[in-house]
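Reading through the structure tokens given below for one structure.
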Amino acid sequence: MKFFLFQIVTMGLMSFNAWAGDCSQVYTIGAYDEAFENHAVVSKLGAIPASEVPPAIPPSFLENDGSYGGGEVTCSIAEACQLLKTQLASGLLDSKENWHIYLLEAVWGKDTYLLHPNDYRLKHPVKVVALVKNDC
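Position 61 (the sequence shown) corresponds to 60 in numbering that gives the first Met the number 0; numbering is contiguous.
Here's what the structure looks like:
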């Protein structure tokens with residue numbers, strides 16, 4: 000019960016910070032270790048219409064109409080960690096994968112949008128700049 004209450008409070012703060020425009024950085028969850036080790040340029044996907052969604056995107060990541068809402072984003076590392084913990088606990092993300100928190104080359108409001116209450120996403124693909132937190 001305490002964890003659930005913490006989730007509600009945290010998600011409420013996420014929404015308030017984003018609404019208030021207090022987001023100086025944009026963060027996301029990812030598993031890009033191998034790509035960064037190979038010095039690859041890594042991008043986080045933005046919104047994709049249902050007719051263009053690649054088969055590599057898991058069905059659990061899609062909206063009811065089959066579209067992809069874009070990569071999930073937060074405006075703090077703490078919020079990204081809470082989102083990661085919630086998605087791991089719910090089984091949405093594979094717990095065997097090495098998930099981390101990354102900084103994006105994005106501007107809040109310009110490159111992001113509110114898809115659902117407390118659910119901010121990327122409008123278009125953006126560059127993943129750096130790993131900022133290994134473990135949450």
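C-beta: ideal position from N, C-alpha, C; glycine also. These figures come from a predicted structure and were not determined experimentally.
Rounding to the nearest angstrom, what Cα-Cα distance links residue i and residue j in this structure?
i, j, result
"N117", "Y67", "17 Å"
"W107", "K122", "10 Å"
"A30", "D110", "21 Å"
"P124", "E71", "12 Å"
If you follow the beta strand (DSSP E) that residue i is part of, which residue opens it and which one closes it?
i, result
"K132", "125-132"
"L121", "118-121"
"I100", "99-103"
"T111", "111-115"
State buried or exposed for residue i, treating a residue as buried only when at least 16 other CB atoms are found within 10 Å of its CB.
i, result
"G45", "buried"
"L103", "buried"
"A105", "buried"
"G69", "buried"
Check the C-beta distance from residue i over to residue j and give it rounded, since I have them as a contact under 8 Å.
i, j, result
"C74", "I100", "The Cβ separation is near 12 Å, so there is no contact."
Just reading off the alpha helix (DSSP H) that residue i is part of, what are its end residues?
i, result
"I76", "76-89"
For this session: Answer yes if the region 34-52 comes into contact with the region 83-94, meaning at least three C-beta pairs across the two stretches below 8 Å, and no otherwise.
Result: No, the region 83-94 does not touch the region 34-52.
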